[in-house]
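As you go down the protein sequences, you meet chains A and B in turn. Going by the UniProt record's numbering, the residue at position 280 of the first sequence is 280; the numbering climbs one at a time, nothing skipped. Going by the UniProt record's numbering, the residue at position 232 of the second sequence is 232; the numbering climbs one at a time, nothing skipped. Ideal placement from N, C-alpha and C gives every residue a C-beta, glycine not left out.
2 protein chains.
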Amino acid sequence: MRSIRVELGERSYPIHIGSGLLAEIGERCAEAGFPVRSPLLIVSDSEVAPRYLPALEAALRDYGYTVVHHIIAAGEASKSLAVYEEVMTTAIQAGLDRRSAVLALGGGVVGDLAGFVAATYMRGIGFLQIPTTILAHDSSVGGKVAVNHPLAKNMIGAFYQPSMVLYDLDTLASLPARQVSSGLAEVVKHGLILDKDFAYWCREHAAELLALQPEALGYALERGCAIKAQVVSTDEREQGLRAILNLGHTIGHAIEAVGGYGVFLHGEAIAIGMAGSALLAVKLGRDKSIYDETVSMLTSLGLPVTLPAEYSEDELMEAMMHDKKFKEGRMTFIVPDDIGTVSIVDDVQASLVREVIAQLKKEGSPW
Amino acid sequence: MRSIRVELGERSYPIHIGSGLLAEIGERCAEAGFPVRSPLLIVSDSEVAPRYLPALEAALRDYGYTVVHHIIAAGEASKSLAVYEEVMTTAIQAGLDRRSAVLALGGGVVGDLAGFVAATYMRGIGFLQIPTTILAHDSSVGGKVAVNHPLAKNMIGAFYQPSMVLYDLDTLASLPARQVSSGLAEVVKHGLILDKDFAYWCREHAAELLALQPEALGYALERGCAIKAQVVSTDEREQGLRAILNLGHTIGHAIEAVGGYGVFLHGEAIAIGMAGSALLAVKLGRDKSIYDETVSMLTSLGLPVTLPAEYSEDELMEAMMHDKKFKEGRMTFIVPDDIGTVSIVDDVQASLVREVIAQLKKEGSPW
Ligand SMILES: NC(=O)c1ccc[n+]([C@@H]2O[C@H](COP(=O)([O-])OP(=O)(O)OC[C@H]3O[C@@H](n4cnc5c(N)ncnc54)[C@H](O)[C@@H]3O)[C@@H](O)[C@H]2O)c1
Ligand SMILES: NC(=O)c1ccc[n+]([C@@H]2O[C@H](COP(=O)([O-])OP(=O)(O)OC[C@H]3O[C@@H](n4cnc5c(N)ncnc54)[C@H](O)[C@@H]3O)[C@@H](O)[C@H]2O)c1
Ligand SMILES: [Zn+2]
Ligand SMILES: [Zn+2]
């Protein structure tokens, strides 16, 4: 088992990564400080629950816990205030008290929703993340929890740290291949922003990662989580540095918004976005190799790096202008200076971004 | 103008109390750190907005702020997730950004709802309280924000401190007399738990307080806020000491739940609850004068101290058992040791509480 600690003063917590961890859930909940007399609520989704919920509940009950569960429909649409209220109803009816905890068993959707429930039930109770996607190595670390508003994604939420993250690699075996690549996009992103060696390591071990080979996967998730944890420790509430985690996300979010959620998976959209950021870097005078290397890393992981022709430049630009990352109307981008280093560039001209979007539509090298 | 500071480390904030403060709102928002380029959202209700919103908006616009407002129907029913979502929609449509703030202009309902919006819009933006009821001297200090779930009051919320509380005494002039007495119940509660002299001072100056005489009122709100602030500073997240603020609330909440919200106002219900706590104290061996003095203080402020005969003991007991203040099934009460001092008593027998409830129905002295 690999363990990392997210350093956040009195809100610090451990991340455990390894095989067979679900069986230890009782001990882990006790270690996290949840008393056996207070009921636990597991939130999971319709894809994950049939596979892993029975064993998890059995292990908790064996340990002496009272457990209830709430299963949401798989997919982004469940990250809504309506579903949030339903989970709250389950929590109240089950008699969760102030020492109870919510356990998120699933991907980022389950984690974000369950985390917002934990943050706001009786003004905050215990919270434990059990991520079952690769992408959730990102969403389960850092304490951002949220639901969507019909007008904007992740608009309603809080900063709320879990007491622990328990990453059982065995649960990843059932993950569809496209979800694997999508999750690896955020893994390699962590290399691209802060760790050159790790970014190259990802490309070298791409085949093992795509095959979910435990040794490579365990290392990749450990490094990914560790880099994210390091950034979050420095800037818990996203006042500055934490913005670098948004590499590729401004364009990526616009692609998701314009294409409709689910056309591109999140990791696929930000892979195109990271290719776009690399293009922007070159336009701003950085070395052309940044673009070539970025694209080669992403394609080695089975990720897209070009934009289908039907995406309208006007609509993408419009979507970006509404993105919450633009304080007071200026356009801010995370721009690579090299593989493994980025800058926050504050006043990127909209015309340059439009050029990047247009070039992202060209197959092959855009030069 | 009187000013108090709530000491909470980097979340510390000032409370300003005085006449004519609404006119200074622009300067105050700047002092609170809200940039003029980010839109402000004022939340108010249908009773308060017609009286004070136009002047407030005008003062903010004069200062250079962009202002939008959202007016809710007056009353507890607006403290719901449905109304919360509507306010969120207004905030998004108005383009509130991460440096924007929500201003709560109203009583505790507006403050609790608007505070929960501020706490969770984009994971937390600025928040300023402009209380317009006496009761809100209590709700605007301490950072508890919440909405109700159909199954339980204040069940969904957060701890979220405002940047400032601006208490303009002039707005209290339009407050209905019953609301004045109800608010004074929480004022005298602050004396009963921690300040004997202040509790007696309230009885002595009851007539001036009921007449909203500015000098007496200003002092009473200052002392009330200061005592609340002192407790909150020691125990921001209600781990221990803060429980003493619940004097009278266990019985009071049960009365509100059984009678239906709005039959008794909150302060009226907790006045009966405080009489009940004093009765309990005497049953547990404390001096009988505690009950007599408590009742005399409450009646001097126009508050009820007995329970109408139609309230069922069974239903009240049942409601108390469901109260969130009972960890793991035991009954906890805040019991006065004297006027101005209380203890947290952990294992009060249910039969004793039932006796208290029965005696609260007797008119005049229960002995
Ligand atoms: N909080 C954050 O910091 C943060 C960061 C990144 C992304 N996110 C959020 O995370 C969400 C995306 O996360 P995601 O990609 O994990 O999405 P997801 O939770 O929707 O999971 C993707 C799909 O895989 C299925 N699935 C999950 N685990 C499985 C398993 N082990 N076997 C088989 N199927 C499985 C799910 O049912 C779902 O259909 C988005 O809502 C995004 O906003 C949050
Ligand atoms: N957050 C906390 O710590 C805390 C503490 C105590 C109470 N509360 C909450 O506060 C709420 C009760 O507060 P409240 O008593 O202020 O209720 P309220 O906000 O409903 O106000 C009472 C009534 O007075 C009207 N009103 C308000 N100001 C007025 C004015 N200046 N002139 C004329 N009418 C006016 C309102 O429209 C309403 O009809 C409850 O929801 C309770 O849960 C919260
Ligand atoms: Zn992402
Ligand atoms: Zn109260």
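Check: Exposure of residue 328(A), with buried meaning 16 or more beta-carbon neighbours within 10 Å; Outcome: Caution is warranted here: a pLDDT of 48 is assigned to residue 328(A), below 50, making its placement in the model unreliable, and no coordinate value can be reported.
Check: Same chain, Cβ closer than 6 Å to residue 165(B), five either side skipped, listed in chain order; Outcome: 15, 129, 140
Check: Which residues DSSP lists as bridging residue 144(B), in chain order; Outcome: 159(B)
Check: Selection of the stretch 11 to 35 of chain B by Cβ proximity to chain A, strictly under 9 Å; Outcome: 35
Check: is_contact[residue 142(A), chain B] using C-beta, thresh 8 Å; Outcome: no
Check: Test: residue 121(A) CB closer than 8 Å to a CB of chain B; Outcome: yes
Check: Helix, strand or coil at residue 32(A) according to DSSP, with G and I counted as helix; Outcome: coil
Check: Within chain A, partners of residue 157(B) - CB distance below 7 Å; Outcome: 120, 123
Check: Simplified DSSP state of residue 131(A), which is helix, strand or coil; Outcome: strand
Check: Short CB-CB distance (under 8 Å) between residue 89(A) and chain B; Outcome: yes
Check: Closest residue to residue 275(B) among 78(B), 154(B), 339(B) (Cα-Cα distance); Outcome: 339(B)
Check: Any non-hydrogen atom of ligand 2 within 7 Å of residue 154(B) CB; Outcome: yes
Check: Residue 263(A) (DSSP reduced to helix, strand or coil); Outcome: coil
Check: Of the listed residues 47(B), 153(B), 152(B), nearest to residue 171(B) (C-alpha basis); Outcome: 47(B)
Check: Proximity test, residue 138(A) beta-carbon vs ligand 3 heavy atom, cut-off 7 Å; Outcome: yes
Check: Cβ neighbours of residue 51(A) in the same chain (closer than 8 Å, five flanking residues each side left out); Outcome: 171, 174
Check: Spatial distance of residue 121(B) from residue 95(B) (CA atoms); Outcome: 11 Å
Check: Residue 190(B) beta carbon near ligand 4 (any heavy atom closer than 7 Å); Outcome: no
Check: Cβ pair residue 313(A), residue 185(A) closer than 8 Å; Outcome: no
Check: For residue 322(B), three-class secondary structure by DSSP; Outcome: coil
Check: Touching by the beta-carbon criterion (3+ pairs, under 8 Å), the stretch 87 to 107 of chain B and the stretch 37 to 45 of chain B; Outcome: yes
Check: Straight-line Cα distance separating residue 299(A) from residue 83(B); Outcome: 46 Å
Check: Straight-line gap, residue 234(B) to residue 227(B) (C-alpha atoms, nearest Å); Outcome: 11 Å
Check: Same chain only: Cβ atoms within 8 Å of residue 296(A), ignoring 5 sequence neighbours per side; Outcome: 203
Check: Spatial neighbours of residue 354(A) in its chain, beta-carbon cut-off 8 Å, leaving aside the 5 residues before and after; Outcome: 313, 317
Check: Beta-carbon contacts of residue 17(B) that lie in its chain and below 8 Å, excluding the five residues immediately before and after; Outcome: 1, 2, 3, 4, 167, 169, 218, 221, 222, 225
Check: Closer than 7 Å: residue 47(A) CB and nearest ligand 1 heavy atom; Outcome: yes
Check: Min CB distance residue 245(A) to chain B below 8 Å; Outcome: no
Check: Any non-hydrogen atom of ligand 2 within 7 Å of residue 266(B) CB; Outcome: yes
Check: Straight-line Cα distance separating residue 79(B) from residue 148(A); Outcome: 20 Å
Check: Closer than 7 Å: residue 4(B) CB and nearest ligand 6 heavy atom; Outcome: In terms of ligand content, the structure shown lacks ligand 6 and carries ligand 1, ligand 2, ligand 3 and ligand 4 instead.
Check: Beta bridge counterpart(s) of residue 274(A) as assigned by DSSP; Outcome: Answer is none; residue 274(A) lacks a bridge partner.
Check: From 35(B), 72(B), 27(B), residue whose alpha carbon lies closest to that of residue 56(B); Outcome: 27(B)
Check: Any non-hydrogen atom of ligand 1 closer than 7 Å to residue 112(A) Cβ; Outcome: yes
Check: Chain B contact for residue 348(A) (CB, 8 Å cutoff); Outcome: no
Check: Residue 41(B): contacting residues in chain A (beta-carbon distance under 8 Å); Outcome: Residues of chain A passing the Cβ test: none, with the nearest at roughly 14 Å.
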